[in-house]
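Add 236 to the 1-based position in the sequence shown for my numbering, that's all there is to it. We put the CB at the ideal spot given by N, CA and C, even for glycine.
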Amino acid sequence: MIPHPFEYHAPTSLPDAIALMGRYGDEAKFLAGGHSLLPMMKLRFAQPGHLIDLGKIPDLKGISQVGNEIHIGAMTTENELVWSKLLAEKAPLLVEGARLISDPQVRYKGTVGGDISHGDPGNDHPALMLALDASFVLKGPKGERVVKADGFFLGLYSTLMEPGEILTAIRVPIPAPGTGWAYEKLKRKIGDFATAAAAVLLKMKGPVVESVSIALTNLGATPLKASAAEAFLRGKKLDEAALQEAARLAMSICDPAPDQRGDAQYKTAMAGEMTRRALLSAHSRAAN
Ligand SMILES: Cc1cc2nc3c(=O)[nH]c(=O)nc-3n(C[C@H](O)[C@H](O)[C@H](O)COP(=O)(O)OP(=O)(O)OC[C@H]3O[C@@H](n4cnc5c(N)ncnc54)[C@H](O)[C@@H]3O)c2cc1C
């Protein structure tokens with residue numbers, strides 16, 4: 237279907253983008269890679285009269301290390317995450333996650349900022365960012381604020397971003413040396429969203445778990461932090477009994493919507509299995 241007519245704007249600075257949004261308000265939408273927004277416009281679920289393209293603002297691009305954090309510009313594409321040597325070295329969970337998003341064409345245009353801002357629980361970055369304890373930099377007419385990924389996602393397509401705010405960057409604390417990582421994603425075919433997926437960061441101290449972070453994709457209206465499973469695993473050996481209990485605790489917080497990928501029971505069972513596999517894979521990569 238052809239989208240509703242709109243006017244296209246391509247600001248070259250953040251203040252200009254914020255000012256344009258201030259001028260057009262509810263009639264306008266920011267455009268990043270367009271891979272979520274344009275399909276919604278073609279289906280007429282979204283009918284903005286003005287599109288404010290963020291693609292010509294240099295400040296929104298790039299991946300760099302700042303102290304003990306990685307800073308990622310919101311307009312960085314999925315492919316740029318996949319290709320980043322810095323991320324491969326310092327936060328490989330993001331590389332593994334980005335590589336599992338859709339196909340090369342989508343990854344070429346889709347941005348990490350768009351993936352997060354859209355608030356779609358089927359998107360992968362929200363759970364990856366929860367697992368990494370990332371923070372988001374938001375700029376708007378009232379200035380700048382930095383918010384945690386944990387608490388940012390409020391519901392289906394709903395985040396705590398206020399109208400007119402732009403997600404400008406993502407700040408990812410660099411995991412401690414020796415931390416294992418894994419993103420296990422079950423999907424029906426290349427290009428599909430997750431039926432269920434689990435992101436894990438795992439630090440071992442000898443034979444026992446020192447710290448662990450677990451987050452789930454597409455298993456509720458928001459990405460889910462499996463806090464009870466994390467608390468249970470701390471100080472434990474990662475044996476079969478512990479894996480099973482962690483998977484059970486992860487499943488207990490799932491409330492997925494049934495769709496063509498399966499019913500709630502199947503998706504919840506797959507959440508347990510993805511958690512189990514991600515823990516095992518992260519363990520194999522963690523230093524003891
Ligand atoms: C076939 C297909 C398969 C896909 N599979 C997956 C998948 O498996 N996993 C996955 O994670 N994603 C998947 N996607 C989604 C894809 O990764 C999108 O690109 C992504 O969700 C949105 O990013 P975008 O840059 O395209 O944003 P856009 O579509 O341009 O924007 C999405 C929304 O976010 C807002 N927005 C964008 N950037 C900002 C910003 N910086 N600040 C404030 N608001 C902003 C826009 O106004 C819009 O409302 C798939 C897409 C397609 C078409």
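{"Check": "Out of curiosity, what's the CA-to-CA distance linking Lys-441 and Leu-474?", "Outcome": "11 angstroms"}
{"Check": "Strictly by DSSP, which residues pair up with His-307?", "Outcome": "Ser-300, Arg-407"}
{"Check": "Can we say the segment 501-517 touches the segment 431-446, given the rule of at least three CB pairs closer than 8 angstroms?", "Outcome": "yes"}
{"Check": "Please report the straight-line C-alpha distance between Ala-493 and Lys-384, rounded to a whole angstrom.", "Outcome": "26 angstroms"}
{"Check": "Kindly indicate which three-state DSSP category Thr-312 falls into: helix, strand or coil?", "Outcome": "coil"}
{"Check": "Excluding the five sequence neighbours on either side, which residues of its own chain have a C-beta within less than 6 angstroms of the C-beta of Arg-381, listed in chain order?", "Outcome": "Leu-374"}
{"Check": "So the candidates are Glu-481, Ala-412, Ile-450, Ala-462; which of them puts its Cα closest to the Cα of Ala-522?", "Outcome": "Ala-412"}
{"Check": "With DSSP collapsed to three states, give me the class of Leu-322.", "Outcome": "helix"}
{"Check": "What are the start and end residues of the alpha helix (DSSP H) that includes Leu-336?", "Outcome": "Counting along the chain, Leu-336 falls outside any alpha helix (DSSP H), and DSSP gives it neither H nor E."}
{"Check": "Work out the CA separation of Leu-336 and Gly-358 for me, nearest whole Å.", "Outcome": "13 angstroms"}
{"Check": "Per DSSP, what kind of secondary structure is Ser-272 in: helix, strand or coil?", "Outcome": "coil"}
{"Check": "Under three-state DSSP, which class holds Tyr-244?", "Outcome": "strand"}
{"Check": "Beta carbon of Leu-469, beta carbon of Ala-482: below 8 angstroms?", "Outcome": "yes"}
{"Check": "Hey, Thr-312 and Tyr-344 are a contact pair by Cβ (cut 8 angstroms); roughly how many whole angstroms apart?", "Outcome": "Not really, about 12 angstroms apart at Cβ, beyond 8 angstroms."}
{"Check": "Cβ of His-519 within 8 angstroms of Cβ of Arg-407?", "Outcome": "no"}
{"Check": "Which residues in the same chain as Leu-273 place their Cβ atom closer than 7 angstroms to its Cβ, once the five residues preceding and following it in sequence are excluded?", "Outcome": "Lys-265, Leu-267, Ala-282"}
{"Check": "Below 7 angstroms, is the gap between the Cβ of Ala-310 and the nearest heavy atom of ligand 1?", "Outcome": "yes"}
{"Check": "For the alpha helix (DSSP H) containing Leu-479, name the first residue and the last one.", "Outcome": "476-488"}
{"Check": "Identify whether Asp-428 lies in helix, strand or coil by the three-state DSSP scheme.", "Outcome": "coil"}
{"Check": "Whole angstroms is fine: what's the gap from Leu-322's alpha carbon to Lys-297's?", "Outcome": "15 angstroms"}
{"Check": "Let me know if Thr-404 comes out buried or exposed under the rule of 16 or more other beta-carbons within 10 Å of its beta-carbon.", "Outcome": "buried"}
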